[in-house]
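K.L.:
If you're matching them up, the sequences are chains Z and C in order. Count along the first sequence starting at 1, add 9, and that's the number in the working numbering. Count along the second sequence starting at 1, add 9, and that's the number in the working numbering. Ideal Cβ positions, reconstructed from N, Cα and C, are used throughout, including at glycine. In this text, all values refer to a predicted model and were calculated from it rather than measured experimentally.
Number of protein chains: 2
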Amino acid sequence: MTSGELVEQIKKKKSYLCVGLDTDITKIPSHLLSTEDPVFEFNKQIIEATKDLCVAYKPNLAFYESMGVEGWMSLQKTLDLIPDDILIIADAKRGDIGNTSTLYAKAFFEKMNFDAVTVAPYMGKDSVTPFLAFKNKWVILLALTSNEGANDFQTQLLADGKTPLYEKVISESSKWAGADQLMYVVGATRSEQFAHVRSLAKDYFFLVPGVGAQGGDLKAISRAGMNAQCGLLVNSSRQIIYAGNGTDFAAKARVEAQAVQNEMEELLKEKGII
Amino acid sequence: MTSGELVEQIKKKKSYLCVGLDTDITKIPSHLLSTEDPVFEFNKQIIEATKDLCVAYKPNLAFYESMGVEGWMSLQKTLDLIPDDILIIADAKRGDIGNTSTLYAKAFFEKMNFDAVTVAPYMGKDSVTPFLAFKNKWVILLALTSNEGANDFQTQLLADGKTPLYEKVISESSKWAGADQLMYVVGATRSEQFAHVRSLAKDYFFLVPGVGAQGGDLKAISRAGMNAQCGLLVNSSRQIIYAGNGTDFAAKARVEAQAVQNEMEELLKEKGII
Chain Z
10 MTSGELVEQI
20 KKKKSYLCVG
30 LDTDITKIPS
40 HLLSTEDPVF
50 EFNKQIIEAT
60 KDLCVAYKPN
70 LAFYESMGVE
80 GWMSLQKTLD
90 LIPDDILIIA
100 DAKRGDIGNT
110 STLYAKAFFE
120 KMNFDAVTVA
130 PYMGKDSVTP
140 FLAFKNKWVI
150 LLALTSNEGA
160 NDFQTQLLAD
170 GKTPLYEKVI
180 SESSKWAGAD
190 QLMYVVGATR
200 SEQFAHVRSL
210 AKDYFFLVPG
220 VGAQGGDLKA
230 ISRAGMNAQC
240 GLLVNSSRQI
250 IYAGNGTDFA
260 AKARVEAQAV
270 QNEMEELLKE
280 KGII
Chain C
10 MTSGELVEQI
20 KKKKSYLCVG
30 LDTDITKIPS
40 HLLSTEDPVF
50 EFNKQIIEAT
60 KDLCVAYKPN
70 LAFYESMGVE
80 GWMSLQKTLD
90 LIPDDILIIA
100 DAKRGDIGNT
110 STLYAKAFFE
120 KMNFDAVTVA
130 PYMGKDSVTP
140 FLAFKNKWVI
150 LLALTSNEGA
160 NDFQTQLLAD
170 GKTPLYEKVI
180 SESSKWAGAD
190 QLMYVVGATR
200 SEQFAHVRSL
210 AKDYFFLVPG
220 VGAQGGDLKA
230 ISRAGMNAQC
240 GLLVNSSRQI
250 IYAGNGTDFA
260 AKARVEAQAV
270 QNEMEELLKE
280 KGII
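1) State yes or no: is the beta carbon of valine 206/C nearer than 7 angstroms to at least one beta carbon in chain Z?
2) Any Cβ of chain C within less than 7 angstroms of the Cβ of leucine 277/Z?
3) Can you check which of these residues, Gly255/C, Gln238/C, Leu141/C, is closest to lysine 21/C by C-alpha distance?
4) I'd like to know if serine 180/Z contacts chain C, where contact means its C-beta is closer than 7 angstroms to some C-beta of that chain.
5) Between the region 136–160 of chain C and chain Z, which residues of the former have a C-beta closer than 8 angstroms to a C-beta of the latter?
6) Just to make sure I have the definition right: I need the residues of chain C whose C-beta is within less than 7 angstroms of the C-beta of valine 78/Z. Which are they?
7) Alpha carbon to alpha carbon, how far is arginine 103/Z from serine 110/Z?
8) Going by beta-carbon coordinates alone, are valine 16/C and threonine 59/C separated by less than 7 angstroms?
9) What does lysine 115/Z reach in chain C if we use C-beta pairs closer than 7 angstroms?
10) Taking CB distances under 7 angstroms as the criterion, tell me whether glutamine 202/C reaches chain Z.
11) Taking the CB atoms as reference points, tell me whether valine 126/C and valine 137/C lie closer together than 7 angstroms.
12) If we call anything under 7 angstroms between Cβ atoms a contact, is leucine 242/C one with alanine 65/C?
13) Whole angstroms are fine: how far does the CA of phenylalanine 214/Z sit from the CA of leucine 191/Z?
14) Rounding to the nearest angstrom, what Cα-Cα distance links glycine 47/Z and threonine 87/C in this structure?
15) Roughly how many whole angstroms lie between the Cα atoms of serine 12/C and glutamate 275/C?
16) In chain C, which residues lie with their C-beta within 7 angstroms of the C-beta of glycine 170/Z?
17) Under the DSSP definition of a beta bridge, which residues are partnered with arginine 103/Z?
18) Going by beta carbon distance, what residues of the same chain come within less than 7 angstroms of alanine 210/C, once the five residues before and after it are set aside?
19) Cβ of serine 208/Z within 7 angstroms of Cβ of leucine 112/C?
20) Runs of 3 residues minimum, wholly inside the region 63–100 of chain Z: which ones carry the beta strand (DSSP E) assignment?
21) Would valine 206/Z be called buried (16 or more neighbouring beta carbons within 10 Å of its own) or exposed?
22) Given the structure, does arginine 232/C come close to the ligand FMN, in the sense that its CB is under 6 angstroms from one of the ligand's heavy atoms?
23) DSSP three-state label for leucine 112/Z, please.
24) Could you tell me which of Lys280/Z, Thr198/Z, Asn145/Z sits nearest to aspartate 189/Z, measuring between CA atoms?
25) Let's test the definition: count the other Cβ atoms within 10 Å of the Cβ of glutamate 45/Z and tell me whether it reaches 16, buried, or not, exposed.
26) Exposed or buried, which one is glycine 158/C when buried takes at least 16 other CB atoms within 10 Å?
27) DSSP state of glycine 13/Z, grouped into three classes?
28) Which stretch, first to last residue, makes up the beta strand (DSSP E) that contains glycine 29/Z?
29) Could you say which of Val220/C, Lys36/C, Gln85/C lies nearest to tyrosine 156/C if we only look at CA atoms?
30) Could you check whether the Cβ of methionine 273/C sits closer than 7 angstroms to any Cβ belonging to chain Z?
31) To the nearest angstrom, how far is it from the Cα of leucine 90/C to the Cα of histidine 40/C?
32) In the DSSP assignment, find the beta strand (DSSP E) that holds alanine 237/C and state where it starts and stops.
33) Would the beta-carbon of threonine 198/C fall within 7 angstroms of that of glycine 240/C?
34) DSSP three-state call for serine 9/Z: helix, strand or coil?
35) What do you get for glycine 187/C, buried or exposed, if any count of 16 or more other CB atoms within 10 angstroms of its CB means buried?
36) Suppose the cutoff is 8 angstroms on Cβ atoms and the five residues either side in sequence are ignored; what does the same chain contact list for leucine 227/Z look like?
Structure representation (structure tokens):
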């Protein structure tokens with residue numbers, strides 16, 4: 010999916026919602042456990058209930074990997090039923106030496122046909138660029154994450170006494186690829202830094218975790234972080250997919266997703282994007 | 010496996026060799042391609058030919074993940090046949106927010122029964138500590154890697170003008186766990202920094218990639234980096250597993266592993282460990 014196509018979807022759906030498919034077999038409604046593939050069945054119903062309200066799905070691979078071979082099979086079946094006009098993000102946080110990153114990129118972009126993959130920056134340029142060699146595919150690089158541990162290294166100031174590491178990650182990596190191939194993860198729990206991060210990477214999309222269960226504020230981060238093309242994909246996982254726990258779980262997920270989409274529609278209008 | 014058990018194996022085998030099972034279906038001998046599971050068959054013969062010469066195996070998960078479900082099945086079968094007294098490292102470079110890291114930890118330590126997993130530090134303490142909650146299991150944290158991209162962020166100096174980021178990673182993370190649970194990745198291509206890194210983490214084991222194909226020097230890094238308990242696991246992947254490409258590939262791999270073990274035996278004697 011190109012940047013233009015993504016922006017078109019955002020305008021059409023009046024939404025920049027990404028639904029996180031963090032599907033945990035211990036949390037899904039019990040009536041699904043007797044189906045042949047409960048994780049897939051859960052995802053299928055969630056996708057059917059939300060696909061007109063979101064522009065991206067983001068399976069966090071840990072949830073599937075932790076189930077072994079069966080988990081990978083549930084994931085592949087899930088990917089196969091997501092419509093082509095929705096961005097599919099592998100939340101994988103990979104990153105390794107060049108030949109190994111190439112293998113991960115092939116796994117996600119060719120074998121599994123994801124549109125985007127989250128990548129950790131610690132190993133530097135040659136660990137990231139192999140993911141950039143695939144046409145119309147995206148790298149979403151960790152910049153400033155939503156967890157408390159972000160303060161351990163990401164916000165450490167460098168030798169000039171004023172640049173935190175995450176800014177260096179953005180300034181360096183923006184030399185490796187443009188806004189048509191590269192996005193950044195910027196946590197919603199950092200709303201006070203959001204406008205500043207936007208000023209560092211004006212044209213890039215940000216994938217924003219941390220709204221909802223982690224406490225981030227959609228309005229605050231949208232007002233501080235939107236650019237003229239929207240430039241945001243705001244992820245919500247638990248708040249939507251675990252909104253209900255009965256046979257009506259998908260309908261309840263839709264209600265939550267609809268509420269977020271309504272709020273996003275207002276924010277897109279406020280910014281003059283739609 | 011405990012630290013004491015690992016040291017005992019090193020003394021018994023006179024080796025601190027870790028064999029990297031970076032098994033690439035496009036590189037394995039062609040006569041194996043007609044077998045039911047070529048990747049497993051290759052690993053099986055490599056393990057049989059080298060298991061008395063090494064103290065650890067390190068499958069890089071990218072190689073298996075890139076093959077999809079079949080790759081994970083080949084990996085599981087491979088893990089099942091590695092003897093219990095050999096440390097098995099998942100070279101995964103994972104790291105995510107707490108609940109997600111817990112899932113990765115369960116996947117590697119419980120589901121697949123690895124002894125150790127490599128973890129990326131960028132997301133900080135709460136992304137690493139979930140891996141430390143498992144008894145007799147190991148976190149191997151990326152500190153200073155062997156690739157060129159290590160210079161992009163890892164060697165960046167912090168606000169005091171003298172501490173590079175990787176030193177901060179070591180000093181912070183060594184508060185999270187002791188040398189009986191935590192190791193560091195320190196690339197062999199950095200032999201000039203090796204003695205210094207050892208001074209920062211005297212008691213910790215280092216997993217050292219980059220010897221062999223990547224150009225690192227075993228003697229130099231061993232003399233600079235060994236501690237009284239050895240404290241090193243030196244990895245070699247391509248140089249050993251792809252030493253031959255015919256029906257005698259396993260025998261050729263053994264010759265290479267034997268040469269490394271011989272050199273390690275001399276270095277262990279030189280240091281007075283055996």
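P.N.:
In short:
1) Indexing the second sequence from 1 puts residue 206/C at position 197. With 7 angstroms as the cut-off, valine 206/C does not count as an interface residue toward chain Z.
2) In the first sequence, residue 277/Z corresponds to position 268, counting from 1. By this cut-off, leucine 277/Z is not an interface position.
3) Residue 21/C sits at position 12 when you count from the first residue of the second sequence. Ranking the options by Cα distance to lysine 21/C, first place goes to Gln238/C.
4) As a working mapping, residue 180/Z is identified with position 171 in the first sequence. False, the Cβ-Cβ gap to chain C never drops below 7 angstroms.
5) Ser136, Val137, Leu151, Thr154, Ser155, Asn156, Glu157, Gly158, Ala159, Asn160
6) Within the first sequence, numbered from 1, the residue matching residue 78/Z stands at position 69. Per Cβ cutoff of 7 angstroms: Val78, Trp81, Met82.
7) For this step, residue 103/Z is matched to residue 94 along the first sequence. For this step, residue 110/Z is matched to residue 101 along the first sequence. Roughly 8 angstroms between the two C-alpha positions.
8) Residue 16/C sits at position 7 when you count from the first residue of the second sequence. Residue 59/C sits at position 50 when you count from the first residue of the second sequence. No, the Cβ-Cβ distance between valine 16/C and threonine 59/C is not below 7 angstroms.
9) The sequence position of residue 115/Z within the first sequence is 106, counting from 1. Within chain C, the residues near lysine 115/Z are Ser75.
10) As a working note, residue 202/C is residue 193 in the second sequence. No, glutamine 202/C lies away from the interface with chain Z (no Cβ there is under 7 angstroms from its Cβ).
11) Translated into the one-based positions of the second sequence, residue 126/C becomes position 117. Translated into the one-based positions of the second sequence, residue 137/C becomes position 128. Not closer than 7 angstroms, so no.
12) Taking the second sequence and counting its residues from 1, the one referred to as residue 242/C is at position 233. Taking the second sequence and counting its residues from 1, the one referred to as residue 65/C is at position 56. The answer is yes: Cβ separation under 7 angstroms.
13) For the purposes of this step, residue 191/Z is identified with residue 182 of the first sequence, where counting begins at 1. For the purposes of this step, residue 214/Z is identified with residue 205 of the first sequence, where counting begins at 1. Looking at the two C-alpha atoms, the distance is approximately 8 angstroms.
14) Within the first sequence, the letter at position 38 stands for residue 47/Z. Within the second sequence, the letter at position 78 stands for residue 87/C. The amino acid at residue 47/Z is misidentified as glycine; the sequence shows proline. Their Cα atoms are separated by approximately 28 angstroms.
15) Counted from its first residue, the second sequence places residue 12/C at position 3. Counted from its first residue, the second sequence places residue 275/C at position 266. In a straight line, the C-alpha of serine 12/C is about 22 angstroms away from that of glutamate 275/C.
16) Position 161 of the first sequence, counted from the start, is the residue given in the question as residue 170/Z. Residues of chain C passing the Cβ test: Ala168.
17) For the purposes of this step, residue 103/Z is identified with residue 94 of the first sequence, where counting begins at 1. In DSSP, arginine 103/Z forms a bridge with Val128/Z.
18) Start at 1 with the first residue of the second sequence, and residue 210/C comes out as number 201. Cβ neighbours of alanine 210/C beyond the five flanking positions: Ile179, Ser183, Tyr193.
19) As a position in the first sequence, residue 208/Z is number 199, starting the count at 1. As a position in the second sequence, residue 112/C is number 103, starting the count at 1. Contact flag unset, no.
20) 65–67
21) Translated into the one-based positions of the first sequence, residue 206/Z becomes position 197. Buried, since its Cβ has 16 or more Cβ neighbours within 10 Å.
22) Among the components modelled here there is no ligand, and therefore nothing to report on the ligand FMN.
23) Here the question's residue 112/Z lines up with position 103 in the first sequence. Helix at leucine 112/Z.
24) Indexing the first sequence from 1 puts residue 189/Z at position 180. Of the listed residues, the one whose Cα sits closest to aspartate 189/Z is Asn145/Z.
25) Counting from 1 along the first sequence, the entry for residue 45/Z is found at position 36. That one is exposed.
26) To locate residue 158/C, count along the second sequence from 1; it is residue 149. Glycine 158/C comes out buried.
27) Here residue 13/Z refers to the residue found at position 4 when the first sequence is read from its first residue. Of the three classes helix, strand and coil, the one that applies to glycine 13/Z here is helix, per DSSP.
28) Locating residue 29/Z in the first sequence gives position 20, counting from the first residue. Residues 26–29.
29) Here residue 156/C is taken as the residue at index 147 of the second sequence, counted from 1. The sequence as given places asparagine at residue 156/C; tyrosine does not occur at that position. Among Val220/C, Lys36/C, Gln85/C, the Cα nearest to that of asparagine 156/C belongs to Val220/C.
30) In the second sequence, residue 273/C corresponds to position 264, counting from 1. Answer no: the Cβ-Cβ gap between methionine 273/C and chain Z never drops below 7 angstroms.
31) Indexing the second sequence from 1 puts residue 90/C at position 81. Indexing the second sequence from 1 puts residue 40/C at position 31. If I take the Cα positions, the gap works out to 22 angstroms.
32) Counting from one through the second sequence, the residue named residue 237/C turns up at place 228. Here alanine 237/C belongs to no beta strand (DSSP E), and DSSP marks it neither H nor E.
33) Here residue 198/C refers to the residue found at position 189 of the second sequence. Here residue 240/C refers to the residue found at position 231 of the second sequence. No. Outside cutoff.
34) Absent from the structure is residue 9/Z, since the part of chain Z shown begins at 10 and ends at 283.
35) Residue numbering aside, residue 187/C sits at position 178 when the second sequence is read from its first letter. Per the 10 Å Cβ criterion, exposed.
36) Counting from 1 along the first sequence, the entry for residue 227/Z is found at position 218. Result list for leucine 227/Z: Ala197, Val220, Val243, Val269, Glu272, Met273, Leu276, in chain order.
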